[in-house]
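The block underneath contains the structure these notes are about, expressed in structure tokens.
Numbering (the numbering used here), first residue to last: 39 to 158.
Now the structure itself:
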């Protein structure tokens, strides 16, 4: 179990990141009715983003701490996939940040439009 724990935690981080990205796309109304008002990014999504960053970092620390006690095959697999998994993690984190920014920007424009409609 000790050998697969970093992989499981990394996959949970990836799942969390994908959920944040999907939620931002859904809440920005890119799919469906684009004329509905967009709400700002919720603190829940910000917390999920931080959680995914933590879940992405923990497996590398676990591997470094337990690599001497791992089987040679497992250690070799983790060493080969380490860079690839780090690149995927960085891409997912930047995708989250980009989509949260785009949702916040659309929410700002939506709020401006609502304020202008009230003023008329």
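All residues carry an ideal CB built from backbone N, CA and C; glycine is no exception.
#1: How do the segment 41 to 50 and the segment 70 to 88 stand: do at least 3 beta-carbon pairs fall below 8 Å, yes or no?
#2: Is residue 91 closer than 8 Å to residue 58 when the C-beta atoms are compared?
#3: Can residue 61 and residue 140 be called in contact, C-beta distance under 8 Å?
#4: Locate the alpha helix (DSSP H) running through residue 65, then write down its first and last residues.
#5: Got a sec, what are the start and stop residues for the alpha helix (DSSP H) residue 103 sits in?
#6: When DSSP labels each residue in this structure, what does residue 69 get in the three-state scheme?
#7: With the cut-off set at 8 Å, would you say residue 77 and residue 145 are in Cβ contact?
#8: Which two residues bound the contiguous alpha helix (DSSP H) that contains residue 111?
#9: Would a C-beta distance cut-off of 8 Å place residue 47 and residue 122 closer than the cut-off?
#10: What do you get for residue 135, buried or exposed, if any count of 16 or more other CB atoms within 10 angstroms of its CB means buried?
On the basis of the data shown:
#1: Contact fails: fewer than three Cβ-Cβ distances are below 8 Å.
#2: Position 20 of the chain shown holds residue 58. Position 53 of the chain shown holds residue 91. Against a cut-off of 8 Å, the Cβ pair of residue 91 and residue 58 comes out as no contact.
#3: Sequence index remark: in the chain shown, residue 61 carries index 23 (1-based). Sequence index remark: in the chain shown, residue 140 carries index 102 (1-based). Taking 8 Å as the Cβ cut-off, residue 61 and residue 140 do not qualify as a contacting pair.
#4: As a working mapping, residue 65 is identified with position 27 in the chain shown. First-last of the alpha helix (DSSP H) with residue 65: 43 to 65.
#5: The residue given as residue 103 occupies position 65 in the chain shown. Taken as a continuous stretch (DSSP letters only), the alpha helix (DSSP H) holding residue 103 covers 81 to 104.
#6: Residue 69 sits at position 31 when you count from the first residue of the chain shown. Residue 69 falls in the coil class under three-state DSSP.
#7: Locating residue 77 in the chain shown gives position 39, where the first residue counts as 1. Locating residue 145 in the chain shown gives position 107, where the first residue counts as 1. In this structure, residue 77 lies near residue 145, with their beta-carbon atoms less than 8 Å apart.
#8: For the purposes of this step, residue 111 is taken as residue 73 along the chain shown, with counting starting at 1. Residues 110 to 157.
#9: For the purposes of this step, residue 47 is taken as residue 9 along the chain shown, with counting starting at 1. For the purposes of this step, residue 122 is taken as residue 84 along the chain shown, with counting starting at 1. No, they are not a contact pair.
#10: Here the question's residue 135 lines up with position 97 in the chain shown. Flag for residue 135 reads exposed.
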